[in-house]
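Numbering (our numbering), first residue to last: 192 to 431.
What follows is the structure in structure tokens.
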């Protein structure tokens, strides 16, 4: 992702389903259908050859929401918070449901500015937020958001998160990883890493064993569960 960001391209739909591992440890980022070119770049993102199907791009759900009543009458599907959504602009809704433009992405991993449909404010830090959400899931074993789609979108717009320490109570999470994760998930874009490369730098420091803390109490960590997904997540961001 640092490579893409350096060339002015953001993904806007990063999630575990769009990350694949090769037979020799390679990390592939899939499904660039919602990618956006920033700055002065004018060439559109490449499209897959005709006839090819990217499994990670399915399903894409289009939800025209015209009113809170219509939204309430439409039963949500349990998979929607993990699916890529394109929500059309409503014509007349109350202030609590107003969406400007289109909401595009996956609600469970959306940054606040993405959930608010503000495409002009989406930049590299929007991807950083999604990377933080993936890191959260790798560290804690649960997504930052789950449940009914409209409540998940409301939570995403507000940038609210579960309490990290409460979720991590039974896990071995080093302070540096906690700090990296929460910085990437900052609701305010200015407080996040500015791009994936900056986040990768801090992760590389951790991978190299340079800690910003010291152990003051011996704890038997062997009784606590590890996360099998963590090495793959660190490779995705750090490019190893």
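Think of the CB as a built atom: it goes at the ideal place given N, C-alpha and C, for glycine as much as any other residue.
CA nearest to the CA of residue i, picked from the options
{"i": "residue 230", "options": "198, 210, 339", "result": "198"}
{"i": "residue 369", "options": "355, 382, 305", "result": "355"}
{"i": "residue 358", "options": "302, 305, 296, 332", "result": "332"}
{"i": "residue 326", "options": "200, 394, 219", "result": "394"}
{"i": "residue 345", "options": "200, 299, 399, 225", "result": "299"}
{"i": "residue 374", "options": "391, 402, 361, 363", "result": "391"}
{"i": "residue 201", "options": "382, 352, 376, 296", "result": "296"}
{"i": "residue 324", "options": "365, 301, 363, 224", "result": "301"}
{"i": "residue 396", "options": "228, 306, 365, 304", "result": "365"}
{"i": "residue 309", "options": "360, 293, 212", "result": "293"}
{"i": "residue 219", "options": "207, 227, 367", "result": "207"}
{"i": "residue 379", "options": "362, 305, 335", "result": "305"}
{"i": "residue 224", "options": "204, 335, 350", "result": "204"}
{"i": "residue 195", "options": "381, 362, 334, 221", "result": "221"}
{"i": "residue 307", "options": "343, 353, 335, 348", "result": "348"}
{"i": "residue 350", "options": "361, 362, 228, 376", "result": "376"}
{"i": "residue 381", "options": "192, 303, 217, 211", "result": "303"}
Rounded distance between the beta-carbons of residue j and residue i, thought under 8 Å
{"i": "residue 322", "j": "residue 387", "result": "6 Å"}
{"i": "residue 330", "j": "residue 372", "result": "6 Å"}
{"i": "residue 319", "j": "residue 383", "result": "5 Å"}
Residue i - partner residues in DSSP beta bridges
{"i": "residue 227", "result": "201"}
{"i": "residue 319", "result": "DSSP lists no partner for residue 319."}
{"i": "residue 211", "result": "219"}
(message) Taking contact to mean 3 or more Cβ pairs, one atom from each stretch, closer than 8 Å, check whether the stretch 309–318 and the stretch 333–343 are in contact.
(response) no
(message) Which runs of the alpha helix (DSSP H) at least 4 residues long sit entirely within the stretch 324–363? Give them in chain order.
(response) 340–349, 355–358
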